[in-house]
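Heads up, the thing below is written out as structure tokens.
There are 2 protein chains.
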Amino acid sequence: MTYTVAVVGATGAVGQQMIKSLEKRNFPVGKLIPLASSRSAGGTVKFQGKAVTVLEATPDAFEGVDIALFSAGGGVSKFLAPEAVKHGAIVIDNSSAFRMDENVPLVVPEVNREALTDHQGIIANPNCSTIQMVVALKPLQDQYGLERIIVSTYQAVSGAGSQAIEELRAQAAAMLVGEEPVSNLLPVGKLDQHYPIAFNAIPQIDVGLENGFTFEEMKMVHETKKILGDDSLGITPTCVRIPVYRGHSESIYVELKENYQLSEVRSLLENFSGIIVQDDIEQQVYPMPIDATDHDEVFVGRLRRDLAHPKGLNMWVVSDNLLKGAASNAVQIAEALIEDHLIRR
Amino acid sequence: MTYTVAVVGATGAVGQQMIKSLEKRNFPVGKLIPLASSRSAGGTVKFQGKAVTVLEATPDAFEGVDIALFSAGGGVSKFLAPEAVKHGAIVIDNSSAFRMDENVPLVVPEVNREALTDHQGIIANPNCSTIQMVVALKPLQDQYGLERIIVSTYQAVSGAGSQAIEELRAQAAAMLVGEEPVSNLLPVGKLDQHYPIAFNAIPQIDVGLENGFTFEEMKMVHETKKILGDDSLGITPTCVRIPVYRGHSESIYVELKENYQLSEVRSLLENFSGIIVQDDIEQQVYPMPIDATDHDEVFVGRLRRDLAHPKGLNMWVVSDNLLKGAASNAVQIAEALIEDHLIRR
């Protein structure tokens, strides 16, 4: 049994990884339909050794599509996702357009796969920073309950798309020969001010809000509550862009509801699907973005008992933001839909 | 009235900045004596437009020295600082050798200048990460009291010395042309494993300890308690190296003992000596390492009320680790000693 799969935004940073993930995870693709804006249509993408022509993403392009993976921005998703559903496709959307819609499941398969049951055609893929955090927190929630979370992120530029990767590269090259870096994109393309990311850290991801937080930070707050099914959970994020190409890192403080043993925490994490524990500071073993790149797992280390709070636990969580943070989580959702017989044919 | 000032480690990353700070802050230097290891002795450093010969750092080199600024590692300090004191100099030591010694004041002039009064010849300059944090916390401690702190750092490579700056530069250059980066130094020169810092994040600064924290993290714990004079203060640090040349950033969560108004916090910070507030996320105003480089101040922004705790406050604090984090704090200590008549002639 195979499926016709459309990838919307097929030429973007995440779209390209979606196609690679379908391939790498042996997803039963009968036919791949790469879709993009009219500007990118006509080019080709490689899939299973063959060049496949990119078509323009229009409502009619979804005719005969079983599963449509969207990663072309919120505007495209808002317009085209309902059209794809009308044409009979199930949409797995990587934008923030539908994530907080109460009729749309927001899913990380290892964490809340059961939420897929009620889907109405659109399933939302969470924000990259949220996904890796909830994977690391879920086994702790199940065993001890979660009181509150304080998280500071170290986010890669690829979260802002292919052009941001190029911008970091060009800025670094310029600065190495003593030239001024050119900044056109980060922290937020559509805003007025752009700052260099090469050899810098920018404490802004997405637009700033009146409450002093950024939209990225509030995504982490709202999405984490929805996925973990706990509106009373306290969450304080600080989201920061650093000069890394791929792999988001997170320094997480979590206060549990019950007392814990560190050895038990380590064992819960080690036995949780999708987590790899790399934790031995004395032997210099811990996760780093360069090691997490190209892997689907969430890497957890620097596990240590808080010095001030008996139920406080600290950890360092790293994952490839383009894979588990986006593309491979979307493909895993599609896999779960098939396994759980939730896909219409 | 002028003073004979020795700089030990004059050719290192911090030593060079000490000499620049003496110059820039118009410190009353009668004679500068740059000292270094025998390997670097014989070279010259520039001071007030003239080349000054670097001498070998031996006990006799401190003859006639009024003030000796040390930044040549803990081993050199342990051996030579007592010798300098014997020869009549006051030592301001940037290493961690004497910081937790109860007979040695650990001083950030804006925060605990009064601790200088009891000095016995050696004064310790705190760790770079600690200095910028205690400056930002002090006005809050005075007004509300501090309950606990959770801090994640984003530290520049220059904290590991001149060679680490070169290592980042060489690694970035190699990776931009597709070559493998060579790692000889970071995270900790003397340890077995070295990892690339270019386009990466390393959650280890200084050696790992049995309690799961690193030595750098425990420095922040112990030094902050000593400087703020509060042994009951809860402190949880996560120290991370990122590919930035100069300027440490810190994401700080602080729980105050009393309720606060955000506007009052902003005003307390704005009126505190040595702090510059850059805080308007909606207008994209916040501190960044590239802006803090070459400045003596501590920059504070991203001020916002915690979403989960009524007495919780979040902020983003950036400062030049070679200046306020090391060289200029040392020179400010020397200035305070003179102003407070605590220097023997």
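Taken in sequence, the protein lines are chains A and B.
Take the first sequence: its position 316, counted from the start at 1, is 316 in full-length UniProt numbering, and no numbers get skipped.
Take the second sequence: its position 121, counted from the start at 1, is 121 in full-length UniProt numbering, and no numbers get skipped.
No residue lacks a Cβ here, since even glycine has one placed at the ideal position from N, Cα and C.
1) With DSSP as the reference, label B/D280 as helix, strand or coil.
2) Below 7 angstroms between beta carbons is the criterion; list the residues of the segment 269 to 299 of chain B that meet it against any residue of chain A, in chain order.
3) What is the C-beta distance between B/T4 and B/G88, in whole angstroms, given that I count them as a contact (C-beta under 8 angstroms)?
4) Within its chain, find whatever has a CB closer than 6 angstroms to the CB of B/H119; leave out the 5 residues flanking it on each side and keep chain order.
5) Kindly list, in the order they appear in chain A, the residues whose Cβ is closer than 7 angstroms to that of B/T117.
6) If you follow the beta strand (DSSP E) that A/N314 is in, where does it begin and where does it stop?
7) Given this structure, state the Cα-to-Cα distance separating B/G12 from B/V331, to the nearest angstrom.
8) Thinking C-beta only, is A/D230 closer than 8 angstroms to A/L168?
9) Looking at chain B, which residues of the segment 233 to 245 of chain A have a Cβ within less than 7 angstroms of any of its Cβ atoms?
10) B/I150 versus chain A: which residues are under 7 angstroms apart at the beta carbon?
11) Quick check for students: name the residue ranges of the alpha helix (DSSP H) that lie wholly in the segment 96 to 150 of chain B, counting only runs of 4 or more.
12) Given this structure, state the Cα-to-Cα distance separating B/G9 from B/A61, to the nearest angstrom.
13) Below 7 angstroms between beta carbons is the criterion; list the residues of the segment 194 to 208 of chain A that meet it against any residue of chain B, in chain order.
14) What does a CB cutoff of less than 8 angstroms around A/E83 pick up in its chain, not counting 5 residues either side in sequence?
15) According to DSSP, A/A327 sits in a beta bridge with which residue or residues?
16) Where does A/D60 fall in DSSP's three states?
17) In three-state terms, what does DSSP make of A/A84?
18) Over what stretch of residues does the alpha helix (DSSP H) that includes A/L168 continue unbroken?
19) Given 8 angstroms as the limit, is there contact between the segment 167 to 184 of chain A and the segment 272 to 286 of chain A, that is, 3 or more CB pairs closer than that?
20) Please go through the same chain and pick out, in chain order, the residues whose beta-carbon is closer than 6 angstroms to the beta-carbon of A/A72, but skip the five residues on each side of it.
21) Taking the alpha-carbon positions, what's the A/E250 to A/V285 distance?
22) Taking A/F215 as the query, report the chain B residues whose CB atoms sit under 9 angstroms from its CB, ordered along the chain.
23) Residues in its own chain within less than 6 angstroms of B/V177 by CB, not counting five upstream and five downstream?
24) Could you tell me the alpha carbon to alpha carbon distance between A/I19 and A/I67, rounded to whole angstroms?
25) I want to verify the contact list: residues of chain B whose CB lies under 8 angstroms from the CB of A/E210, in sequence order.
26) Checking contacts by CB at 8 angstroms: is A/S40 closer than that to chain B?
27) What residues are listed by DSSP as bridge partners for B/A308?
28) Please name the residue or residues paired with B/A336 in a DSSP beta bridge.
29) If the cut is a Cβ gap below 8 angstroms, which residues of chain B does A/S249 touch?
30) Whole angstroms are fine: how far does the CA of A/G74 sit from the CA of A/A160?
31) Can you give me the Cβ contacts of A/Q141 inside the same chain, cut-off strictly under 8 angstroms, excluding the 5 residues immediately before and after it?
32) Please classify A/S158: does DSSP put it in a helix, a strand, or coil?
33) Are B/I205 and B/Y195 closer than 8 angstroms when you measure CB to CB?
34) Can you tell me whether A/T44 is helix, strand or coil according to DSSP?
35) If we define contact as Cβ-Cβ less than 8 angstroms, is B/D306 a contact residue for chain E?
36) Can you tell me whether B/D101 is buried or exposed? The criterion is at least 16 other CB atoms within 10 Å of its CB, across all chains shown.
Walking through what the data contain:
1) strand
2) I281, E282, Q284, Y286, M288, P289, I290
3) No, B/T4 and B/G88 are not in contact; Cβ-Cβ is about 10 angstroms, not under 8 angstroms.
4) P105
5) Those do not exist, as B/T117 stays about 30 angstroms from chain A at its closest Cβ, beyond 7 angstroms.
6) 312 to 319
7) 16 angstroms
8) no
9) G234, I235, T236, T238, V240, I242, P243, V244, Y245
10) I150, Y253
11) 109 to 112, 128 to 144
12) 13 angstroms
13) Y195, P196, F199, N200, A201, I202, P203, Q204, G208
14) P59, F62
15) Paired residue(s): none; A/A327 is not in a bridge.
16) helix
17) helix
18) 162 to 176
19) no
20) V8, G9
21) 16 angstroms
22) Those within 9 angstroms of A/F215 in chain B number zero; the least Cβ separation is about 10 angstroms.
23) none
24) 13 angstroms
25) E282
26) no
27) In DSSP, B/A308 forms no bridge with anything.
28) None; B/A336 has no bridge partner.
29) A201, P203, V240
30) 13 angstroms
31) L228, D230
32) helix
33) no
34) strand
35) Of the protein chains in the structure, A and B, none is chain E.
36) exposed
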